[in-house]
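Okay, so here's the structure we're looking at.
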């Protein structure tokens with residue numbers, strides 16, 4: 462057994478064990494609810510899950526669910542596997558040996574990434590999508606070592622096959638992958654790659670059509686697309702404040718993605734942020750002083766630029782067309798590349814030749830590692846505790862069992878869907894606008910209002926449920942009023 466194999470074995474076991482250990486046993490938001498329901502009844506028409514249906518992820522999850530019978534453990538197991546393969550292909554793309562100092566630092570930064578850890582436990586396909594994205598990038602950008610290297614062509618075809626499969630896991634990640642695929646199509650083996658990519662799509666599209674039906678799938682696609690881009694999707698058309706959107710994207714990467722300081726956060730996040738800024742400053746100074754320039758072959762540079770352009774295109778895509786205001790998870794595919802940059806910077810500092818500056822250089826690195834780990838573990842522990850909406854679900858369920866009187870729950874339609882889908886029996890009064898409030902005039906008691914209080918009424922009970930917004934940005938604080 463080689464040293465490399467032993468290290469990979471430790472990483473694999475650590476990824477699986479850590480994610481299983483931090484499994485969450487509650488439905489934390491609406492998106493998670495839809496995927497949890499899909500384990501029992503996969504139905505795109507019922508938004509279980511919503512379009513684009515995520516057939517590959519749901520198929521694999523349902524297979525594991527048939528064996529394990531605990532969907533919470535299924536999602537964590539898939540998250541652990543996704544974390545491992547994300548680490549694996551990040552190192553492979555960067556051509557870093559796992560046994561080197563840089564390899565071990567990269568493993569640490571990716572493994573301990575707070576947002577990636579949270580998403581590997583959440584009932585969603587994002588972590589698996591990142592793993593598949595990186596695998597496709599690695600295989601599709603593999604270079605020929607010689608003109609007679611037939612295996613290289615097969616690896617490139619595998620990259621396109623995985624690209625097709627990725628569309629059935631996380632369709633919105635395609636913009637990041639597209640430039641590298643287009644560059645590969647300019648080289649030899651174009652037809653083989655196109656065929657492989659087509660097979661990757663058909664392998665999930667044909668079963669999806671047989672289960673859902675063409676008309677139902679088209680209707681779901683049209684409804685979801687129109688709603689996403691013009692109604693509830695949080696795109697630039699519905700939230701056009703560009704500076705605010707830009708701030709939220711940066712916050713998603715900086716605060717959510719790497720657990721660094723933002724207004725209102727713990728002082729340890731500030732220490733971690735200062736340490737990281739110091740690390741980047743020291744490494745940049747050393748590079749300028751030594752004028753470090755690495756030469757690469759033309760092909761390698763071409764694919765490196767393709768990946769860089771893909772990241773920029775993806776960043777523009779989520780800025781304009783994703784809900785970056787309320788959902789930080791959209792930056793997830795960018796984090797492995799940024800984590801790699803942090804790891805390279807830390808490695809350069811640790812390997813400084815000037816021994817007289819060891820303490821000066823190592824100080825920020827040690828502070829960063831400690832702060833980064835603490836913030837991640839603290840956030841993960843908080844993630845195991847119910848979110849605000851999950852706390853409300855538990856509170857109302859308990860209240861429902863303890864009293865015989867009929868409950869009238871007043872809320873926005875999304876909260877109604879969340880509660881009703883989890884067997885909270887009550888008369889729901891969804892509020893879409895001010896006119897809907899008129900129907901409450903005839904009800905004097907038994908009202909449970911979630912959100913804003915009723916005007917001209919004094920509540921008998923007022924409770925506020927909340928969770929850390931850096932665990933989940935969706936509804937971090939929800940008040941409840943009883944009348």
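Numbering (our numbering), first residue to last: 462 to 944.
Note that CB positions come from ideal geometry on N, CA and C, so glycine has one too.
DSSP places residue 942 outside any alpha helix (DSSP H); the residue lies instead in the beta strand (DSSP E), whose first and last residues are 938-943.
Taking C-alpha positions only, residue 491 is separated from residue 509 by approximately 11 Å. Under DSSP, residue 923 shares a beta bridge with 942. Annotation: the continuous beta strand (DSSP E) that includes residue 891 extends over 888-891. Linking residue 847 to residue 488 through their CA atoms gives a straight-line distance of about 8 Å. For residue 470, the enclosing alpha helix (DSSP H) covers residues 464-482.
DSSP, reduced to helix, strand and coil, places residue 871 within a strand of the structure shown.
The continuous beta strand (DSSP E) containing residue 910 extends over residues 908-911. In the three-state reduction of the DSSP assignment, residue 852 falls in the helix class, which pools H, G and I. Note that the C-beta distance between residue 476 and residue 541 is below 7 Å.
Residue 504 is bridged by DSSP to 509. About 43 Å separates the beta carbon of residue 665 from that of residue 729, a gap too long to meet the 8 Å contact definition. The Cβ neighbour count for residue 927, taken over all protein chains shown within 10 Å, is under 16; the residue is labelled exposed. Counted as a single uninterrupted DSSP element, the alpha helix (DSSP H) harbouring residue 706 occupies residues 703-712.
For residue 882, no alpha helix (DSSP H) segment is defined, and its DSSP state is neither H nor E. DSSP, read as helix, strand or coil, puts residue 673 in helix. Here DSSP, grouped into helix, strand and coil, assigns residue 550 to helix. Going by beta carbons, residue 595 and residue 550 fall inside the 7 Å limit. When secondary structure is reduced to three states using DSSP, residue 590 falls in the helix class. Excluding sequence positions up to five before and after residue 473, its CB lies within less than 8 Å of the CB of 545, all in the same chain and listed in chain order. Going by C-alpha positions, residue 480 is about 19 Å away from residue 519. Residues of the same chain with a CB within less than 7 Å of the CB of residue 933, apart from the 5 flanking positions on each side, are 489, 490, 848 in chain order.
With contacts defined by Cβ atoms closer than 7 Å, residue 782 and residue 696 form a contacting pair. Taking the Cα positions, residue 650 is about 39 Å away from residue 807. Inter-segment contact for the stretch 892-911 and the stretch 823-830 is absent: fewer than three beta-carbon pairs are separated by less than 8 Å.
Taken atom to atom, the span from the alpha-carbon of residue 530 to that of residue 514 is near 22 Å. Between residue 897 and residue 734, the alpha-carbon positions lie close to 47 Å from each other. Between the beta-carbon of residue 718 and that of residue 836 there is about 11 Å, and that puts the pair past the 8 Å contact cut. Taking a 10 Å sphere around the C-beta of residue 558, we find fewer than 16 other C-beta atoms and assign the residue as exposed. In this structure, the beta-carbon distance from residue 578 to residue 841 falls below 7 Å. Setting aside the 5 residues that flank it on each side, residue 741 is surrounded in the same chain by 806, each with a C-beta closer than 8 Å to its C-beta; the list follows chain order. 7 Å or more divides the Cβ of residue 633 from the Cβ of residue 589. DSSP places residue 557 outside both helix and strand once states are collapsed to three, so it counts as coil.
Listed in chain order, the non-local C-beta contacts of residue 660 below 7 Å within the same chain comprise 622, 625, local neighbours out to five positions each way being set aside. Taking all protein chains shown into account, residue 471 has fewer than 16 neighbouring C-beta atoms within 10 Å of its C-beta and is therefore exposed.
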